[in-house]
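Take a look at the structure set out below.
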Amino acid sequence: MIYIFCAPSGSGKSTMVKHLLTAYPEKFELSISCTTRAPRGQEVNGREYYFISLEEFEQRVANGEFIEYEQVYDGLYYGTLRSEIDRIEQNNKAVIFDVDVKGGINLKRILGQRATSIFVCPPSIDELSRRLHARGDTAEEMIQKRLAKAAIEMQDAKFFDIQLINNDLESAFAELDAIVNNHFCES
Ligand code: ADP
Ligand code: 5GP
Numbered sequence: 003m004i005y006i007f008c009a010p011s012g013s014g015k016s017t018m019v020k021h022l023l024t025a026y027p028e029k030f031e032l033s034i035s036c037t038t039r040a041p042r043g044q045e046v047n048g049r050e051y052y053f054i055s056l057e058e059f060e061q062r063v064a065n066g067e068f069i070e071y072e073q074v075y076d077g078l079y080y081g082t083l084r085s086e087i088d089r090i091e092q093n094n095k096a097v098i099f100d101v102d103v104k105g106g107i108n109l110k111r112i113l114g115q116r117a118t119s120i121f122v123c124p125p126s127i128d129e130l131s132r133r134l135h136a137r138g139d140t141a142e143e144m145i146q147k148r149l150a151k152a153a154i155e156m157q158d159a160k161f162f163d164i165q166l167i168n169n170d171l172e173s174a175f176a177e178l179d180a181i182v183n184n185h186f187c188e189s
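Structure, rendered in structure tokens:
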């Protein structure tokens, strides 16, 4: 089983992914992507990402190691390794992908029925703005850019199997629990 999570920045994608990983550690594992950006804060190579140089990234693209890759931000590349699906499935766990909206649409197209794609929606752009301000880790100019991008990304919600509206947190967790438990019962 494979789950693809996407959302406009600040909608609660990390919160939803963290919920599944902590509530069901025996069932889910996060796919670790490669990125050319530098580690932030407490991030560790091989845990949040494989942090690699642009040169190594390009070599891995040439070797065909990525299922998909994107330049998510100016000059910064992120790529999903094919080997992650095998690694996680060998652990008998379901794979979670946390990727940008374009990458999520590509992964779903490639993986088809094997994957469930989930778009985490904010209840509104105003609420998204409130959350990004409350999180307190993003400069005002960047927040305005992300809000403008979010309004555009929301138009892609229809390409996902499930639109999960993250209004009240407990209700969103309950809805997510119901989705995954339903899948595990079916399998
Ligand atoms: P993303 O990964 O999509 O950028 P986060 O999961 O980091 O978003 O959430 C953005 C901020 O909003 C965080 O500070 C998080 O704690 C908060 N948040 C997430 N879901 C809710 C919710 N339902 N109600 C209020 N705040 C929320
Ligand atoms: P951050 O730098 O904040 O960790 O991530 C920035 C964005 O890149 C997030 O939206 C994250 O989901 C996305 N991302 C992370 N890994 C990948 C990947 O392998 N492919 C794509 N397309 N996006 C990714």
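Every position in the sequence shown, counted from 1, becomes a number in my numbering once 2 is added. Note that beta-carbon positions come from the ideal geometry of N, C-alpha and C, so glycine has one too.
Spatial neighbours of residue i in its chain, beta-carbon cut-off 8 Å, leaving aside the 5 residues before and after
i	result
S85	E67
I112	I69 and E70
A152	P10, S11, G12, S13, P124, I127 and L130
L134	S11, G12, T140, I145, R148 and L149
V19	F7, L32, I98 and D100
V63	Y71 and G81
S189	M3
Cβ neighbour criterion (16 or more within 10 Å) applied to residue i
i	result
D128	exposed
I34	buried
D100	buried
Y75	exposed
I90	buried
K15	buried
G114	exposed
N168	buried
V182	buried
G43	exposed
A2	Shown here, the chain extends from 3 to 189; a query on residue 2 therefore has no answer.
A174	buried
E155	buried
L22	buried
C36	buried
6 Å Cβ shell around residue i - same chain, five flanking residues per side excluded
i	result
C203	Lying before the first or after the last residue shown, residue 203 is absent from the chain, which here runs from 3 to 189.
T38	L56, F59, L78 and Y79
Beta-carbon proximity list for residue i, same chain, < 7 Å, skipping 5 on both sides
i	result
Q92	none
Q73	Y79
Q165	F121, C123 and A159
K110	I6, A117 and S119
Span of the beta strand (DSSP E), counted from its first residue to its last, around residue i
i	result
Q73	F68 to Y75
D100	A96 to D100
A117	A117 to C123
I4	I4 to C8
Enclosing alpha helix (DSSP H) for residue i [first to last residue]
i	result
A40	It is not in any alpha helix (DSSP H) - A40 carries neither H nor E in the DSSP assignment.
I54	Counting along the chain, I54 falls outside any alpha helix (DSSP H), and DSSP gives it neither H nor E.
E28	Counting along the chain, E28 falls outside any alpha helix (DSSP H), and DSSP gives it neither H nor E.
Q157	Counting along the chain, Q157 falls outside any alpha helix (DSSP H), and DSSP gives it neither H nor E.
TODO: Kindly confirm or deny that the region 90–98 and the region 135–143 touch, where touching means at least three C-beta pairs closer than 8 Å.
DONE: No: the two stretches stay apart, fewer than three of their Cβ pairs being nearer than 8 Å.
Open item on the list: With three or more C-beta pairs closer than 8 Å as the rule, is the region 110–121 touching the region 20–31?
Closed with: The region 20–31 vs the region 110–121: no contact.
- [ ] Give every residue whose Cβ lies closer than 5 Å to any heavy atom of the ligand ADP, listed in chain order.
- [x] Listed along the chain, these residues meet the criterion: A9, S11, G12, S13, G14, K15, S16, T17, R133, R137, N168 and L171.
Open item on the list: Counting beta carbon pairs with one atom in the region 153–162 and one in the region 40–50, are three or more of them shorter than 8 Å?
Closed with: Taking one beta carbon from each stretch, the region 40–50 and the region 153–162 have fewer than 3 pairs nearer than 8 Å; the two do not touch.
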